[in-house]
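A short write-up of the structure that comes next.
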């Protein structure tokens, strides 16, 4: 249940028409060898994700949800099947090519924030731009703008341990946004936050979606998933259902 | 960006060429090979290394390298600051290694400088005609029966020089040498080298007078008791006054001091003008037996025509000694090179021992660095996963941990150089006679060794870090 007092839902709920195809997955399988046992994490998943979508991926643990997310995030490659990202074949890419895709096309938001503990907010947000090879002044400019965009313009010089959980996640979101990626991939983004802060983060996602970002949230919470416009449910390595959310 | 693979081929090639050339340079330098070849190898190594560096950066990606380098340096600095104790203990191994390297280098350079300083007093361009060769001989009986060298051979050589002034010889001076006690009132110095020679000696010797003058030709011919004394002798006999025109006593003869030689310094008991008394050869003959006083003829020659000079001395000596064409030389023509040749094995032994100790110390230091880098990789596995998710490539992670290892090594290197500098300064202060040389070349060598140690020891853990699967690394707690 969403508390009626939550300010994030005071505004109108925007739904934009899907744009160009970003992700196309067809018949993707993933096998893991655990000793003598072979685990079928994905058994043939077919999925299309377009620009301007707000998608939630759900499923109980062991459903292949995490494996699919790693695959979508180009952290992992499929054992078999086709995966095209912006019409480029990702399935056969080598490590460094995948790193480039992750750097330019994907913004990660983790459950545990994964900020560098000894660096301030600004440097954490700057990091993807360093790997993109941007000059110092350009990096500062973009990182500042991203932090202002998530409402942390006043906290740029703070280290993670000087920030609250919600603020840390905002830094992580700014870091995900800073390189203008094609998709933002959030893995249980509210999992380590209390429900009020979690709602604030989901409100931020709503705002980012309205600004024209494509968002994929992986979660096992119905409340969180309901913020999305489309929910894909996994079970036993297969897509169980793929439906639009109706208000 | 097409054709970038060529950089990936060029930088390892450059590195291999650099390694081979600098190896050749080191061997050539130690073996004293043709200096032209040695410097060619040195510059080739340097050029190849610079090329390898440039192509390496191009292969890495010029635009990406510099920001990532800055980031890696910042991470290293933060790591060292956060783990001060751990970093300094690890650096200690390298510090010991670098101290060993520099002290060894200082010792070798010091011996070199000491020998040069001692030999400088004689002049490089003097040949010595004597009965015995200056090297060690096994068949001493062959030399023992040679006829003695007579001091008037010098006149024969000088006569020949007068005939051929354009020849390779300049001047010849006889000299004899005996050890005796020198007295002045209550003061006495024993075991002083008494040198009997001619008034032309200053033409051969690269040493100045501190005060006074050398004895004149008239004094020499008249066998006057006029002497020139070395700096240390003057210091010992006349602690608080000028020795000029004062009298000293040697073997119950009175001698007047006409000059004091400038200070030369001494090294490991080698001959030094500082502890010598020089007198005319005829005055010498009154007190000492010339025959047994190691008579020799010192001949100054034109170094550019050394072989010709030796040949000319040889033929003059053979003529003077009346040797037939079938007879072998019964005299020896010596040069300072012989002394240098005897010092070289000592230097080589120090170098070999030093290399061994240094290598061992650096090896232990390198293992420490490797270990700490492994620990660092393990501790920050999750961070590596995060960085990879944000787009860090394999080489980015590799560079990061390599630079971390190199940073600790360079810190150790700087510490070691500082310590070695302090130690050699201390040795120099305690033993002023031992010439301590701490050169810029040693600093460059020490820093190069630290960087190479860092790269070698950091490489394996850094490679392991770079190959981490991002999925596994992100899940690591």
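Residue numbers (my numbering), protein chains in the order written: chain A, 15 to 261; chain B, 44 to 520.
Beta carbons: idealized from backbone N, C-alpha and C, even for Gly.
Only a predicted model underlies this, so the values are computations on that prediction, with no experimental measurement involved.
* Asked: Using the beta-carbon of each residue, which ones in chain A are nearer than 8 Å to residue 514 of chain B?
  -> 84, 89 and 90
**Asked** If you compare alpha carbons, which of B:162, B:242, B:176 and B:222 is closest to residue 198 of chain B?
**Response** B:242
If you run the structure through DSSP and keep just helix, strand and coil, what is residue 174 of chain A? helix
- prompt: What span of residues does the alpha helix (DSSP H) with residue 115 of chain B cover, start to end?
  reply: 105 to 125
field: C-beta atoms of residue 501 of chain B and residue 448 of chain B nearer than 8 Å
entry: yes
Where residue 137 of chain A sits in the DSSP three-state scheme
helix
Subject >> Cβ of residue 134 of chain A within 8 Å of any chain B Cβ >> reply: No - not a single Cβ of chain B is within 8 Å of the one on residue 134 of chain A.
* Asked: Under 8 Å between C-beta atoms, does residue 132 of chain B make it to chain A?
  -> no
Spatially closest choice to residue 47 of chain B from B:99, B:71, B:84 and B:68, by CA coordinates: Out of B:99, B:71, B:84 and B:68, the CA that lies nearest to the CA of residue 47 of chain B is found in B:99.
Report task. Given a cut-off of 8 Å, decide if residue 68 of chain A and residue 229 of chain A are closer than it, judged by their beta-carbon atoms. Result -> yes
Can you give the Cα-Cα distance for residue 178 of chain B and residue 419 of chain B, rounded to whole angstroms?
59 Å
Applying the 10 Å Cβ sphere with the 16-neighbour rule, what's the burial state of residue 221 of chain B? buried
| said: Just list the residues that DSSP pairs residue 253 of chain A with in beta bridges. | reply: A:248
For a test of the three-state rule: what should DSSP assign to residue 413 of chain B, helix, strand or coil? Helix.
So is residue 164 of chain A buried or exposed if we call it buried at 16+ other beta carbons inside 10 Å? buried
Legend entry - Whole-angstrom C-beta distance between residue 84 of chain A and residue 81 of chain B, which should lie under 8 Å: About 57 Å separates the two Cβ atoms, so there is no contact after all.
Taking all protein chains shown into account, decide if residue 117 of chain A is buried (16 or more other Cβ within 10 angstroms of its Cβ) or exposed.
Looking at its Cβ environment, which holds 16 or more other Cβ atoms inside 10 Å, residue 117 of chain A is buried.
Rank B:380, B:456 and B:355 by C-alpha distance to the C-alpha of residue 208 of chain B and give the top, closest one.
B:355
Please list the terminal residues of the continuous beta strand (DSSP E) segment that includes residue 130 of chain A. No beta strand (DSSP E) contains residue 130 of chain A, which DSSP labels as neither H nor E.
Mind checking whether residue 241 of chain A and residue 74 of chain A have CB atoms under 8 Å apart?
No. Outside cutoff.
Among B:315, B:53, B:430 and B:417, which has the Cα closest to the Cα of residue 445 of chain B?
B:417
Next on the checklist: Between residue 106 of chain B and chain A, is any beta-carbon pair separated by less than 8 Å?
Outcome noted: Yes, residue 106 of chain B counts as interfacial toward chain A.
- Considering only C-alpha positions, which residue in the set B:170, B:157 and B:406 is nearest to residue 350 of chain B? Taking only the C-alpha atoms, the option nearest residue 350 of chain B is B:170.
**OP:** Using a Cβ-Cβ cut-off of 8 Å, state whether residue 237 of chain A counts as contacting chain B.
**Re:** no
Burial state of residue 168 of chain A (16 or more Cβ within 10 Å): exposed
* Take residue 512 of chain B as the anchor and find which of A:224, A:103, A:172 and A:108 has the nearest alpha-carbon. => A:108
Q) So, are the CB atoms of residue 248 of chain A and residue 62 of chain A less than 8 Å apart? A) Cβ distance not < 8 Å, so residue 248 of chain A and residue 62 of chain A don't count as in contact.
Note to self: At the 8 Å Cβ level, is residue 142 of chain A part of the contact set with chain B, yes or no?
What the structure shows: yes
ask   = Hey, how far is the Cα of residue 29 of chain A from the Cα of residue 132 of chain B?
value = 60 Å
Residue 64 of chain A beta carbon less than 8 Å from that of residue 92 of chain A | no
_Less than 7 Å between C-beta atoms, sequence neighbours within five positions excluded: which residues of the same chain meet that for residue 111 of chain B?_
Within the same chain, residue 111 of chain B has close Cβ partners 439 and 442.
**Prompt:** With a cut-off of 8 Å, does the C-beta of residue 483 of chain B fall near any C-beta of chain A?
**Reply:** no
- Message: Using 8 Å as the cut-off, can you tell me whether the region 253 to 261 of chain A makes contact with the region 60 to 72 of chain B, which would need three or more C-beta pairs spanning the two stretches below that distance?
- Response: Under the 8 Å Cβ criterion, the region 253 to 261 of chain A does not count as touching the region 60 to 72 of chain B, having fewer than three qualifying pairs.
### Task
Counting only the same chain and skipping the five closest in sequence on each side, list residues whose C-beta sits under 7 Å from that of residue 286 of chain B.
272, 277, 280, 300 and 303
Quiz item: Around the C-beta of residue 368 of chain B, are 16 or more other C-beta atoms found within 10 angstroms, so that it is buried, or is it exposed?
Solution: exposed
* Apply the 10 Å Cβ neighbour rule to residue 288 of chain B and answer buried if 16 or more other Cβ atoms are within range, or exposed otherwise. => exposed
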